[in-house]
Amino acid sequence: MYFSRMLTPTLREVPAEAEVISHKLLVRAGYIRKSSSGVYTYLHLAQRVLQKISAIVREEMDKAGGQEIMLPIIQPAELWLESGRWYVYGKELMRLKDRHERDFCLGPTHEEIITDLVRHEVNSYRQLPLRLYQIQNKYRDERRPRFGLLRGREFIMKDLYSFDRDEAGLEESYQKMFDAYTAIFKRCGLKFRPVEADSGAIGGSGTHEFMVLAEAGEAEIVYCPKCDYAANTEIAPCQPAANPVEEAKEIEKVSTPGMNTVELLTGFLQIPAEKIIKTMFFQADNEVIAVLVRGDRTVNEIKIQQLHSSLTLELAEPEKVKEVTGGEVGYVGPVALAKQVKIYADEEIRTMINAVCGANEKDHHLINVQPDRDFQVTAYGDLRLIEPGEPCPKCGAVLDRARGIEVGQVFKLGTKYSEALGATYVDENGKENLIVMGCYGIGVSRTMAAAVEQNNDENGIIWPLSIAPYQVIVVPVSVNDQSIWQEAMKIYEELLEAGVEVVIDDRDERAGVKFKDADLIGFPLRITVGKKTLETGQVELKCRQEKETRFIARNQIIEYISSIIKE
RNA sequence: CGGGAUGUGGCGCAGUUUGGUAGCGCGCUUCGUUCGGGACGAAGAGGCCGCAGGUUCGAAUCCUGUCAUCCCGACCA
444 MYFSRMLTPT LREVPAEAEV ISHKLLVRAG YIRKSSSGVY TYLHLAQRVL
494 QKISAIVREE MDKAGGQEIM LPIIQPAELW LESGRWYVYG KELMRLKDRH
544 ERDFCLGPTH EEIITDLVRH EVNSYRQLPL RLYQIQNKYR DERRPRFGLL
594 RGREFIMKDL YSFDRDEAGL EESYQKMFDA YTAIFKRCGL KFRPVEADSG
644 AIGGSGTHEF MVLAEAGEAE IVYCPKCDYA ANTEIAPCQP AANPVEEAKE
694 IEKVSTPGMN TVELLTGFLQ IPAEKIIKTM FFQADNEVIA VLVRGDRTVN
744 EIKIQQLHSS LTLELAEPEK VKEVTGGEVG YVGPVALAKQ VKIYADEEIR
794 TMINAVCGAN EKDHHLINVQ PDRDFQVTAY GDLRLIEPGE PCPKCGAVLD
844 RARGIEVGQV FKLGTKYSEA LGATYVDENG KENLIVMGCY GIGVSRTMAA
894 AVEQNNDENG IIWPLSIAPY QVIVVPVSVN DQSIWQEAMK IYEELLEAGV
944 EVVIDDRDER AGVKFKDADL IGFPLRITVG KKTLETGQVE LKCRQEKETR
994 FIARNQIIEY ISSIIKE
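If you want it as structure tokens, here you go:
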């Protein structure tokens, strides 16, 4: 590829709208341009990277028994109504109508459409197991697209669906995919961790997320430095901390004017936050529920849903809180509520003695409160968010934290969709059974951004060789000096001949400009042709990730580069 | 959805407070000099100042509406 022919508009200045490194660099180095919020055009170099990643994904999917197909982006509403997700998926679903006013959506994921295929075409146990995948655009109307490719509304995803006859089969498919994912991200040169996770809107039982470790990540994970335990903080189980045992005193109302937060209250009453019962009210569909955690803890909404399942769960409006408690936000508690609601309490609440909570009366709190004596709890459970420093649920060592970009997720769906859509097979006894499903996604475009997030320096991107758009750039220091130019072209052609992916910077620019662009774009290897080396019979080779330049004999350079690439 | 901010040549920005018909740097084009880490000089091209109304003799600037983009939040009672 001739650099001068390539549409790669590099910028000297950082676009004002980019916040995170990957977004800044991908725009600046001429890989992507924004079309609308969360929607991007991929230019030539980006497309090459996406193809590299896709190729790795394909190889590993095929190795794991996958077969590639292509599903429609436009999907009929009927299927989504049948699965029950037309309403559940909410505003994130991009909806549209055709000229006959029929409802459609742009696929945010493809469980419905593939289950529809399989229920029609698969009837016998002889056709199972089946693993179908595609690499495709997906559409999710995110409430807030951000960080360039990291959270877009249109993005590229590989999704594979496994169809097995029973749980054991699913188990095997799942393990195969888990291993394939590990291989894929390793080959992409990423530092990542598989973590236990929540199954969210897609539904199902077991699931892992593959997290690329980076501070720009939106997910928080905890991991154990001693064993292999790692989990999204959303689901990491907590062990209740012990509360001090003391003599129970009589409940008492005290005046606490203006003390409407835990922080203010601890200062005012001179007590630790652990003594406070934090009471929060949630709107769970049409019902208001109360959730109690210790004052120093954070409520975990995902865990609430495990105790009290509902389609929607959000903090109740202040007016609602008033209605239920008779008090005001900041002074509410579980004792003597105006209206009877379900009260869910974290395990740590169970053993609290002489606790403090709101009195359901403005500017007043109750002290010496005790659960099960002063108020009744509907159910206890693990309802709080884990914090770094807590013990590992597996081995007890102290947990560490990290932020991660979710680049892949594997799910055991079970029979959720096969049941909803009626996907069955007949076994060898002539009996009809539900197909057991799994689904497995990789954000391909997000993986590209994650790779940049993890591999860069002040000069630009440093691609891992395996996913670099081109492996080598040949830079003639001057295109006007015939001896230099001809030598550069010769090396370029020899590299092409050897099957190396190479760009020659044929632009009539000063050497400095070419070096800057080469660094910014992130070619892993750069060959510089100039007067210095022309005379010595050597070639100058610079690896993007190293400081020093290597000098290689001219007659060995092609072989030398080929061997680096082979590794 | 709530809050904040910003829309002025391809990119980054000034000009808006105090209305008078658009400017700087980078990039782009041409010529010359230069030529191993974002050169220099000269001459150019390129903008209905997001859009729609309104006020005014006159609007990038004031008013109203609207659209777009970005950031923060949408959980700590």
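Residue numbers (my numbering): 444 to 1010. Note that the Cβ used here is the ideal one computed from N, Cα and C, for glycine as well. Keep in mind it's a predicted model, so treat the numbers as computed, not measured.
Excluding the 5 residues flanking R827 on each side, which residues of the same chain have their C-beta closer than 8 Å to its C-beta?
To locate residue 827, count along the first sequence from 1; it is residue 384. So the qualifying residues of the chain are C681, V736, R737, R740, T741, V742, N743, K746, D789, E791.
For P637, does the count of other Cβ atoms within 10 angstroms reach 16, so buried, or fall short, so exposed?
One-based indexing of the first sequence puts residue 637 at position 194. In this structure P637 is buried. Its beta-carbon is surrounded by 16 or more other beta-carbon atoms within 10 angstroms.
Per-residue burial, P777 [other beta carbons within 10 Å of its own, 16 or more giving buried]
The count along the first sequence starts at 1 and reaches residue 777 at position 334. So P777 counts as buried.
Test item: CB-CB of R587 and S616 under 8 Å:
In the first sequence, the residue the question calls residue 587 occupies position 144. In the first sequence, the residue the question calls residue 616 occupies position 173. No, they are not a contact pair.
Rounded C-alpha distance that separates G980 from S909:
The residue labelled residue 980 in the question sits at position 537 within the first sequence. The residue labelled residue 909 in the question sits at position 466 within the first sequence. One alpha carbon belongs to G980, the other to S909, and they sit about 30 Å apart.
K601 versus M513: straight-line alpha-carbon distance, rounded:
Mapped onto the first sequence, residue 601 falls at position 158. Mapped onto the first sequence, residue 513 falls at position 70. Here the C-alpha atom of K601 lies approximately 11 Å from the C-alpha atom of M513.
Pairs of beta-carbons, one from the stretch 860-875 and one from the stretch 471-480, closer than 8 Å: are there three or more?
Too few Cβ pairs lie closer than 8 Å, so no.
Is the beta carbon of E849 less than 8 Å from the beta carbon of A673?
The residue labelled residue 849 in the question sits at position 406 within the first sequence. The residue labelled residue 673 in the question sits at position 230 within the first sequence. The answer is no: Cβ separation not under 8 Å.
In chain order, what residues of the same chain have a beta carbon less than 8 Å from the beta carbon of V754, not counting five sequence neighbours either side?
For the purposes of this step, residue 754 is taken as residue 311 along the first sequence, with counting starting at 1. In the sequence as presented, Val is not what sits at residue 754; that position holds Leu. So the list reads V531, D728, once near-sequence residues are dropped.
Cβ neighbour criterion (16 or more within 10 Å) applied to K1009:
For the purposes of this step, residue 1009 is taken as the residue at position 566 of the first sequence. Here K1009 is exposed. Its C-beta has fewer than 16 other C-beta atoms within 10 Å.
Residue from D817, Y1003, L469 whose Cα sits closest to the Cα of T890
Working through the first sequence from its first residue, we reach residue 890 at position 447. Considering only alpha carbons, the answer is L469.
What distance in whole Å lies between the Cβ atoms of I627 and V492, which are believed to be in contact at a cut-off of 8 Å?
Stepping through the first sequence from its first residue, residue 492 is reached at position 49. Stepping through the first sequence from its first residue, residue 627 is reached at position 184. Between the beta-carbon of V492 and that of I627 there is about 14 Å, and that puts the pair past the 8 Å contact cut.
With a 10 Å radius around its C-beta and 16 neighbouring C-beta atoms as the bar for buried, classify K692 as buried or exposed.
Start at 1 with the first residue of the first sequence, and residue 692 comes out as number 249. Label assigned to K692: exposed.
At what residues does the alpha helix (DSSP H) containing Y624 begin and finish?
The residue you call residue 624 lines up with position 181 of the first sequence. DSSP places Y624 in the uninterrupted alpha helix (DSSP H) bounded by 610-630.
For the putative contact between K721 and E771, defined by C-beta atoms under 8 Å, what is the C-beta separation to the nearest angstrom?
Within the first sequence, the letter at position 278 stands for residue 721. Within the first sequence, the letter at position 328 stands for residue 771. Not confirmed; about 15 Å, so no contact.
Looking at C-beta atoms only, is the number of pairs between the stretch 816-830 and the stretch 845-863 that lie closer than 8 Å three or more?
Too few Cβ pairs lie closer than 8 Å, so no.
Write down the C-beta distance between V705 and I694 rounded to the nearest angstrom, noting that I regard them as a contact closer than 8 Å.
Stepping through the first sequence from its first residue, residue 705 is reached at position 262. Stepping through the first sequence from its first residue, residue 694 is reached at position 251. In this structure, V705 and I694 do not form a Cβ contact; the two beta carbons are roughly 20 Å apart against a cut-off of 8 Å.
Of the choices E525, P836, I496, whose alpha-carbon is the least far from that of C1013?
Here the chain comprises residues numbered 444 to 1010, so residue 1013 is not present and cannot be evaluated.
Cutting at 8 Å between CB atoms, please list the residues of its own chain near S557, excluding the five before and the five after it.
Residue mapping note: residue 557 aligns to position 114 of the first sequence, counting from 1. A small correction: the amino acid at residue 557 is Ile; Ser does not occupy that position in the sequence shown. In its chain, beyond the 5 residues on either side, L514, L575, Y604 have a beta carbon closer than 8 Å to the beta carbon of I557.
Jot down the residue ranges of each uninterrupted beta strand (DSSP E) in the stretch 913-980, minimum 3 residues, whole runs only, in chain order.
Secondary structure within the stretch 913-980: the beta strand (DSSP E) runs of 3 or more consecutive residues, fully enclosed, are 915-919, 945-947, 968-972 (chain order).
In chain order, which continuous runs of the alpha helix (DSSP H) of length 4 or greater are located wholly inside the stretch 551-593?
Within the stretch 551-593, the complete alpha helix (DSSP H) segments at least 4 residues long are 554-564, listed from N- to C-terminus.
Please identify the residue among P683, A961, V920 whose C-alpha is closest to the C-alpha of A911.
Looking up residue 911 in the first sequence gives position 468. Nearest of P683, A961, V920 to A911, Cα basis: A961.
Any heavy atom of the ligand GTP closer than 7 Å to the beta-carbon of L656?
For the ligand GTP, the structure offers nothing, since it holds no ligand at all.
Spatially closest choice to M537 from E585, R569, E555, A498, by CA coordinates
For this step, residue 537 is matched to residue 94 along the first sequence. Selected option, being the one with the closest Cα: E585.
Can you tell which of K782, I714, F711, P687 has its C-alpha closest to the C-alpha of E730?
As a position in the first sequence, residue 730 is number 287, starting the count at 1. The alpha carbon of E730 has as its nearest neighbour, out of K782, I714, F711, P687, the alpha carbon of K782.
Pull up the DSSP beta-bridge partners for G886, would you.
Walking along the first sequence from the start, residue 886 turns up at place 443. G886 pairs with M600.
Cutting at 6 Å between CB atoms, please list the residues of its own chain near D641, excluding the five before and the five after it.
Here residue 641 corresponds to residue number 198 of the first sequence, with the count starting at 1. Excluding residues within five positions, the ones whose Cβ falls inside 6 Å are E677, I678, I745.
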